[in-house]
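Numbering follows the working numbering, with no gaps: position 73 of the sequence shown is 77. The beta-carbon is built from N, C-alpha and C at its ideal position, and this holds for glycine as well.
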Amino acid sequence: MSLVNSLVIGYGNSLRGDDGIGIKVAQIVADWHLPKVRSLSLHQLTPELAAELAQVDLAIFVDAYQCADPDVVKIHPLKPSSSIQFKSHFSDPEALLSLTQALFGKCPQAWWVIVPGISFELSDRLSPLAKQGIKQASQQIRSLVKGLVTENMVRQPICTKSV
Numbered sequence: 005m006s007l008v009n010s011l012v013i014g015y016g017n018s019l020r021g022d023d024g025i026g027i028k029v030a031q032i033v034a035d036w037h038l039p040k041v042r043s044l045s046l047h048q049l050t051p052e053l054a055a056e057l058a059q060v061d062l063a064i065f066v067d068a069y070q071c072a073d074p075d076v077v078k079i080h081p082l083k084p085s086s087s088i089q090f091k092s093h094f095s096d097p098e099a100l101l102s103l104t105q106a107l108f109g110k111c112p113q114a115w116w117v118i119v120p121g122i123s124f125e126l127s128d129r130l131s132p133l134a135k136q137g138i139k140q141a142s143q144q145i146r147s148l149v150k151g152l153v154t155e156n157m158v159r160q161p162i163c164t165k166s167v
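Written as structure tokens, this is what we have:
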């Protein structure tokens with residue numbers, strides 16, 4: 005099976021406990037050394053990422069959200085939002101996709117992988133819940149970059165918003 009030209013963007017704050025989930029997942033993806041699959045570990049989404057997104061067919065954004073249920077790693081399809089608010093950073097991937105579309109006339113197919121976490125205080129350690137979610141998210145991302153998306157991978161949110 006051939007891989008899709010992909011960019012995995014994990015973002016968050018690794019000094020705020022489980023908020024570092026996205027960064028850890030992006031590091032795991034980098035360790036796979038898969039051709040056509042790049043990963044970035046970032047503190048936040050910035051406008052400069054639009055140029056990177058315009059060069060790929062698939063973008064996967066990875067972030068943490070506050071939820072105590074270990075079985076709720078969620079994958080949401082993303083589309084550019086209807087409006088662009090220019091800021092120094094973006095709080096959601098859809099705004100970044102909108103900027104990519106506006107600047108380059110195209111944007112990749114995109115997914116938002118959100119992983120549950122419970123500890124967002126000052127710490128460089130991940131909770132056991134976060135570690136379990138990272139493992140599950142990594143497996144699902146591997147399927148996404150291989151083009152293997154199944155209906156039961158895509159779930160609706162049942163806990164609080166992403167943090």
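Give the range of the alpha helix (DSSP H) segment to which V29 is assigned.
-> 25-36
Distance between W116 and W24 (C-alpha atoms, nearest Å) = Sequence inspection shows Gly at residue 24; the Trp mentioned does not correspond to that position. Computed Cα separation, rounded: 16 Å.
Would you kindly check if the distance between the Cβ of I13 and the Cβ of L38 is under 8 Å?
-> no
Output yes or no for whether 8 Å exceeds the beta carbon distance between L49 and L100.
-> yes
Starting from A68, follow its DSSP beta bridges and name the residues at the other end.
-> V119
Beta-bridge partners of G14, as assigned by DSSP = S45, V66
Element boundaries [beta strand (DSSP E), containing K78] | 78-82
Could you tell me which residues DSSP puts in a beta bridge with Q113?
-> L62
P84 and S102 closer than 8 Å at C-beta | yes
Just the C-alpha distance for V119 and G109, rounded to the nearest angstrom, thanks.
-> 31 Å
Report the three-state DSSP secondary structure of S147 (helix, strand or coil).
-> helix
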